[in-house]
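Residue numbers (the numbering used here): 300 to 616.
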């Protein structure tokens, strides 16, 4: 007699507030996990960048050197370096342990919206309101970028690097994918200004959010639309979107104080996470676990699939 197979468990979603960190750095413009998800970076409007322990919510280091608010940051694969960008038109490379500025990179003509290391942390890529992406060699002492990508006709709002590919989103309504190995450029036109782009974890799809309050999932190689996700509010702010660590769900910030979470395949709304009464400015999904970071005003919230012993602790340092 054959027994029926047990039904596969539905993937869990991060809906329990584990802790709230009062960052004390003005408004938090961006929050990011490091590569293994044990630390988080918060970018402040008070010109500072802070490194925190996710599990304890304690402040580990403050990095000061930007002349204006910090807009984005990324940690290297070995956690030894951080890159950050700011409204002061610069990109800074930091030594994590000492907190010192290793390099200050100038060349953008306006505020720098987004920044990321490549996989080996040998190159920093930065996107600016000046419409260019600049590629900086972290190992050389030269102060000029090794490459400038200037195809965009308006501000670069978001960029993501995966192996030899670079994905950029621009206010000109286009998602551009550069195959750096082949020297090719692929462009998908979306009629509304793009606020955020990312690759799916399996590398087959791209996700973009835009100011028409819509997220779009595209097949990377053909540009075919695979899914549209709506219901959230994104009209006037540059807000983040992302995919869950196993590509099961699509998540987006919203101007109504919630994080919206849709089933990737069905397109149905799985969770509307109430974060607070203001705009959810930024989010970041843990690379392997069901954990989510959100930023609202001057605080960062850590969410998990299960309640924690330290549930809803407010930690101020």
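Just so it is clear, CB atoms sit at the ideal spot from N, CA and C, and this is done for glycine as well.
Top-ranked residue by Cα proximity to residue i, from the options
i, options, result
"residue 397", "390, 443, 380 and 407", "380"
"residue 389", "523, 423 and 417", "423"
"residue 599", "393, 340 and 504", "340"
"residue 367", "581, 383, 580 and 358", "383"
"residue 477", "555, 494 and 498", "498"
"residue 509", "525, 474 and 542", "474"
"residue 617", "439, 556 and 409", "Because the chain spans 300 through 616 in this model, residue 617 falls outside it and cannot be assessed."
"residue 597", "314, 527 and 319", "319"
"residue 414", "528, 496 and 491", "496"
"residue 520", "505, 512 and 526", "505"
"residue 568", "539, 526, 577 and 590", "526"
"residue 394", "353, 491 and 349", "349"
"residue 578", "553, 486 and 591", "553"
"residue 357", "437, 386 and 321", "321"
"residue 440", "404, 585 and 566", "404"
"residue 548", "431, 470 and 500", "500"
"residue 452", "486, 503 and 442", "486"
"residue 492", "512, 502, 531 and 484", "512"
Contact set for residue i: own chain, Cβ-Cβ below 7 Å, skip 5 residues either direction
i, result
"residue 587", "336 and 544"
"residue 345", "324 and 325"
"residue 605", "315"
"residue 351", "320, 338, 339, 341, 357, 358 and 359"
Residue i, enclosing beta strand (DSSP E) - first and last residue
i, result
"residue 278", "With the chain represented from 300 up to 616, any question about residue 278 goes unanswered, as that position is not in the structure."
"residue 505", "504–509"
"residue 432", "432–436"
"residue 573", "568–573"
"residue 493", "493–498"
"residue 472", "Here residue 472 belongs to no beta strand (DSSP E), and DSSP marks it neither H nor E."
Simplified DSSP state of residue i, which is helix, strand or coil
i, result
"residue 322", "coil"
"residue 385", "strand"
"residue 455", "strand"
"residue 349", "strand"
"residue 327", "strand"
"residue 462", "coil"
"residue 481", "coil"
"residue 527", "strand"
"residue 591", "strand"
"residue 358", "strand"
"residue 559", "strand"
"residue 380", "strand"
"residue 606", "coil"
"residue 676", "The structure shown does not extend to residue 676, since the chain spans only 300 to 616, so no value can be given for it."
Sequence-distant residues of its chain with Cβ nearer than 6 Å to residue i (five each side left out)
i, result
"residue 407", "388, 427 and 429"
"residue 347", "324, 361 and 363"
"residue 457", "413, 468, 495 and 496"
"residue 401", "392 and 394"
"residue 611", "Any reading at residue 611 needs caution, since the residue's pLDDT is 45, under 50, leaving its predicted position unreliable; the model's value is listed next. Taken in chain order, the residues that qualify are 316."
"residue 615", "A caution first: residue 615 carries a pLDDT of 48, below 50, which makes its placement in the model unreliable, though a value can still be read off. Counting only Cβ-Cβ distances below 6 Å, and skipping sequence neighbours, we find 321."
Proximal residues to residue i (C-beta, below 8 Å), its chain only, five neighbours per side dropped
i, result
"residue 376", "334, 416, 418, 419 and 420"
"residue 328", "342, 343, 344, 368, 369, 370, 371, 580, 581 and 594"
"residue 446", "433 and 434"
"residue 573", "556 and 557"
Heavy atom of the ligand NAP within 7 Å of residue i beta-carbon
i, result
"residue 350", "Ligands are entirely absent from the displayed structure, and the ligand NAP is therefore not among its contents."
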